[in-house]
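Numbering (UniProt numbering), first residue to last: 1 to 332.
All remarks here apply to the structure that follows.
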Amino acid sequence: MTDLSPTSDLAAVARALLDHSGPIVVLSHENPDGDALGSVLGLTRALRSLGREVIAPMQVPRFLAFMPRPGELAEGGRLTEWPAGALAAVLDVDNNDHVRVGGADLSVFTGPVVNVDHHGTNARRADAHAVDPSQPAAAVMVADLIDLLGAEWTEEIATPLMLGLVTDTGSFRFDSVTPGAFRTAARLREAGARLGWISDQLGQNPRTYYTLLREVLGSLEFLHGGRVVLARVDEAMLERAGSAWEDVENYVGMLRNAEGSQLAVMVKDFGERVKLSLRSRAGVSAQNIAVTLGGGGHVPAAGASLNQPWPEVFPQLDAAITAELARVDASR
């Protein structure tokens, strides 16, 4: 039998979920990635299999639309009103970071909150929380949580968690992958997780992905002697390509593959504000750069949003990059 002793952080989260008799609202971060969606769907399906009332509001990007079933997520992707007697379960993001929590306004919520996250910058202030930065994906922690809940493993629970594990590990290519991550993947496969189907779905891009790619490559810059590769997208580029912002999401991984690069930066230029996606390797910490700019994330993958136009953001970004490269060079 699974241990639910209070010495385990995940056990405390499981106990809070099991003891709560009212509706459970499962949330993750804005602009969800595969780990956010996979974690939410895995936990939602497990809780529903135990007879719990679950509401999962999320606006799913097109490239992940293959995973949820029709009607499975709350209509409209966002709660307009918190249900009476609700508990909020926040996954893959700090529950205190209200701006980044998607699907509902957590700042006005007065009920209990549980939080499962693998970001080291998490403030750890939920009523029950499990935060483990050593885990390569929140989906690994959610899989352990589902064991603690006592839900029966099925393909429909295992498959979205495999999506989260695959996307946050770069298909098991990142140094963040642990032996435990492979063990979790094996457990999910044993439960029927559709790995080949996930890979096939993730590998398909709409036509606009390629028309926008021409614009992205036209903005490409190699900085700091080729150690940094940067590209930018703005509204005019989207209009010319007949594309949308969600088509931009996968480009940063492609930029990271540039030979000799240690940092890839994808810039979403919204005009008066900018969103940065960062991917790093070779000892460079994307997290350090993002935190300097008010953002967060992991060492190999991080991001930041700044409410300033790009000409004002670039000097700040370049200063943060310069400092991080200097730190790496000094450590050699």
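Glycine is no exception: its CB is placed at the ideal position from the N, C-alpha and C atoms.
As DSSP reads the structure, Met141 sits in no beta bridge. Rounded to the nearest whole angstrom, the CA to CA distance from Met237 to Ser219 is 10 angstroms.
DSSP places Val25 in the strand class (E or B) of the three-state scheme. The stretch 161 to 177 and the stretch 132 to 146 touch, with no fewer than 3 CB-CB distances between them shorter than 8 angstroms. According to the DSSP assignment, Val177 belongs to no beta strand (DSSP E), since it is labelled neither H nor E. Put simply, the stretch 193 to 208 touches the stretch 150 to 170. At least three CB pairs are less than 8 angstroms apart. Judged by DSSP in its simplified three-state form, Asn307 adopts coil rather than helix or strand. CA-CA distance, Gly303 to Leu276, rounds to 5 angstroms.
Judged by DSSP secondary structure, Met237 falls outside any beta strand (DSSP E) and instead within the alpha helix (DSSP H) spanning 235 to 241.
Under the Cβ criterion (8 angstroms, minimum of three pairs), the stretch 256 to 271 does not count as touching the stretch 63 to 76. Of all alpha-carbon atoms in Ala139, Leu317, Ala290, the one lying nearest the alpha-carbon of Pro300 is that of Ala290. No Cβ-Cβ contact shorter than 8 angstroms links Val116 with His29.
Cβ-Cβ distances below 7 angstroms link Ala320 to Ile289, Thr292, Leu293 in the same chain, with the five nearest sequence neighbours on each side left out; the list follows chain order. Sequence-distant partners of Asn307 (beyond 5 residues in either direction) whose C-beta falls short of 6 angstroms from its own C-beta, in its chain, are Arg273. Out of Asp168, Leu79, Asn122, Ser49, the CA that lies nearest to the CA of Gly38 is found in Asp168. Less than 8 angstroms divides the Cβ of Gly102 from the Cβ of Pro32. If you keep only unbroken alpha helix (DSSP H) runs of at least 4 residues inside the UniProt domain "DDH" (24 to 164), you get 34 to 49, 138 to 149. A distance below 7 angstroms between beta-carbons, with the five flanking residues on each side excluded, links Arg52 to the following residues of its chain, in chain order: Ile24. Under the criterion of beta carbons closer than 8 angstroms, Gln287 and His298 qualify as touching, at roughly 6 angstroms. Gly253 sits away from Thr211, with the two beta carbons spaced by 8 angstroms or more. In the three-state scheme derived from DSSP, where H, G and I count as helix and E and B as strand, Glu221 is classed as strand.
If you compare the alpha carbons of Gly111, Ala36, Val140 with that of Ala128, the shortest gap goes to Gly111. Here Val274 carries a strand assignment [DSSP, helix/strand/coil].
For Ala290, the enclosing alpha helix (DSSP H) covers residues 286 to 292. In the same chain as Ser305, and ignoring 5 residues on each side of it, the C-beta atoms closer than 6 angstroms to its own belong to Lys275, in chain order. Excluding residues up to 5 positions away in sequence, Phe222, Leu255, Ala258, Ser261, Ala264 lie with their Cβ nearer than 6 angstroms to the Cβ of Val229 in the same chain. For Val267, the uninterrupted beta strand (DSSP E) segment begins and ends at 263 to 269.
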